[in-house]
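Remarks on the structure that follows.
Numbering (my numbering), first residue to last: 8 to 55.
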C-alpha cells in the first residue's frame with residue numbers, strides 16, 4: 008500500500024479509545040485537511 012498511497016502508520020501501544028486515536032492521527036498529520044473514515048462511513052460516488 009505504501010507504494011500506492013502516501014500515508015503514515017501510527018502504532019499506538021496502548022488502546023485509549025477512538026477519540027485518542029483520532030487525535031493522535033490529526034496531531035501527526037502533515038496536510039491541511041484530514042478525513043476520518045471508519046467501518047460505518049459511506050463515501051458518495053460523486054465525492055471529490
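Glycine is no exception: its CB is placed at the ideal position from the N, C-alpha and C atoms.
Whole-angstrom distance between residue j and residue i, CA atom to CA atom
{"i": "residue 29", "j": "residue 21", "result": "14 Å"}
{"i": "residue 44", "j": "residue 33", "result": "13 Å"}
{"i": "residue 23", "j": "residue 15", "result": "19 Å"}
{"i": "residue 50", "j": "residue 11", "result": "20 Å"}
CB contact flag (residue i, residue j, <8 Å)
{"i": "residue 35", "j": "residue 17", "result": "yes"}
Proximity test, residue i beta-carbon vs the ligand FMN heavy atom, cut-off 7 Å
{"i": "residue 47", "result": "Because no ligand of any kind appears in the structure shown, any question about the ligand FMN cannot be addressed here."}
For residue i, the nearest candidate out of the options (CA to CA)
{"i": "residue 54", "options": "42, 46 and 13", "result": "42"}
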